[in-house]
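Throughout the sequence shown, residue numbering follows mature numbering (1 follows the signal peptide of the UniProt record, and there is no 0), covering -23 to -1, 1 to 339 in sequence.
Glycine residues also receive a C-beta, built at the ideal position from the N, C-alpha and C atoms.
Everything numeric in this text was worked out from a predicted model, so none of it was measured.
For reference, the structure is listed below as structure tokens.
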Amino acid sequence: MISRGVLGVVVMTLATTLPLTSADPSQFTFFDVPYPVVGPCDVCEGPDGAVWIQAIKSPYFARFDPVTRTFTHYLIPFTTPLLNVTLPPEVSRVLGKAALGCGIRPGLDGYIYATNGLYNQLIRVNTTTGEVKIAETSGALGNLDPLNDLSPAQNGVWFTMTTANKIGFLPYTGGQVLTFNVPTPASIPTGIFHASDGYVYFTELTTNKIGVLYPLTGVIVEIPLPPGCEAPSVIRAQTPSGGRSPFIWISASSGNSMCRLDPNTNKTKVYRNPLNGDLVAGHTKDSYENIWFITTVRNVLGKVDHLHNNVSVTSIPIDGVPADFLFALNYGPENALWFLETFHGKLGRYSLNSLNDYTGKN
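Below, the structure is given as structure tokens:
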């Protein structure tokens, strides 16, 4: 267990930064996400092998079949957060637009789970039948900063509640939701990740800390992050550290960096995006332990080859003006990175198969 009160330690990386490159256009494929799915915001691979998309501007999910290249959409039912009464589909289509949810992950029970933004609810999707159900959490006003996140564990789903300043846990069995108070007030817990050591790591957006929750005791320890890790927002990957706990990877939005926390020592290594004036958003891990990130301003894919200590960036060919809002990134089917153009309503695919250095040794 991490000692309470131990300060985080910064280790600034001396990683080599490689020049911006333009990828072979054949590595990119783009698909128009059809109406009524508007504003695709987050993406994951489902237990069915399909690509699942959550929209931030409409109350729908989309399922993309990578084999047939076809989309299917599913309406999210609207329920009143206080009474948990499901209203007719006509109401859901209107009021559901205000949810602004942007977090979707595969559960370990065969279902897809997603956040429901301002309504502070979780959504469960049966990938076989397409049935969508709402799970109430704790308090109708607990997520007024709607960009919270969730992470699956063996027995349930962990999630953040931003303005409630809490961490929540929803059992797969449908039992009572458990909540844990974040020690620092108004920290806006945002990203969250259940790691292989059994601990739950989450970002504190406004205080530049990482919280570590120990599920067996409910104790939360906070680790300050160093300069370069400002506005920690997303945790979606871990890599082996050689110690009891894995390295935890963090997107630092305004720090414009990927930060690697070693919970065994509380040391943080900072990998800066070589492009200034950018914002690092989502990240993912490929099958060779490389960390990839995407940015919202310069619209690039970044690769952190932490085994060889270098950072490279590749421009994404965005079709349209202005540049798009790129937020989500997920490694998934067909050995590819899947991402979303939120403004232009597209699903992007970046194939890793043709990369010259993609041998498993990097």
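Exposure label - residue 131; buried when at least 16 CB within 10 Å = exposed
task = Return helix, strand or coil for residue 287, following the three-state DSSP convention.
result = strand
inquiry  = According to DSSP, simplified to helix, strand and coil, what is residue 272?
reply    = strand
task = Check whether the Cβ atoms of residue 162 and residue 142 sit closer than 8 Å, and answer yes or no.
result = yes
task = Per DSSP, which residues does residue 158 bridge with? Please list them.
result = 143
ask   = If we cut at 8 Å on Cβ distances, does residue 320 have a partner in chain B?
value = Absent from the structure: chain B. Only one protein chain is present.
Same chain, Cβ closer than 6 Å to residue 232, neighbours up to 5 away in sequence not counted = 205, 206 and 207
ask   = Which one or two residues does DSSP pair with residue 213 in a beta bridge?
value = For residue 213, which the question treats as bridged, DSSP gives no partner whatsoever.
query = Which residues does DSSP pair with residue 21 in a beta bridge?
reply = 29
Inter-residue spacing [alpha-carbon to alpha-carbon] between residue 144 and residue 191 = 12 Å
key: Residue closest to residue 227, alpha-carbon to alpha-carbon, out of 91, 197 and 185   = 185
query = Secondary structure at residue 129, three-state DSSP: helix, strand or coil?
reply = strand
inquiry  = What does the alpha-carbon distance come out to for the pair residue 174 and residue 222?
reply    = 5 Å
ask   = Leaving out five residues before and five after residue 69 in sequence, what residues of the same chain have Cβ atoms less than 7 Å from its Cβ?
value = Residue confidence is low: residue 69 scores 44 on pLDDT, short of 50, so the model does not pin down where it sits. Its coordinate-derived value is still stated next. Same-chain partners within the cutoff: 36, 52, 53, 54 and 55.
task = Have a look at 194, 193 and 209 and flag the residue whose alpha-carbon is nearest the alpha-carbon of residue 200.
result = 209
message = Measuring only the C-alpha atoms, how far is residue 183 from residue 270?
response = 21 Å
query = Is the region 24 to 41 touching the region 79 to 91 in the sense that three or more CB pairs, one from each, lie closer than 8 Å?
reply = yes
message = When you compare the CB positions of residue 257 and residue 234, do they come within less than 8 Å of one another, or not?
response = yes
inquiry  = Excluding the 5 residues flanking residue 134 on each side, which residues of the same chain have their C-beta closer than 8 Å to its C-beta?
reply    = 82, 84, 90, 99, 127, 128, 146, 147 and 149
task = Pull up the CB-CB distance for residue 278 and residue 291, whole angstroms please, since I reckon it's below 8 Å.
result = 5 Å
task = Identify whether residue 175 lies in helix, strand or coil by the three-state DSSP scheme.
result = coil
query = When we look at the beta-carbon of residue 46 and count the other beta-carbons within 10 Å, is it buried (16 or more) or exposed?
reply = exposed
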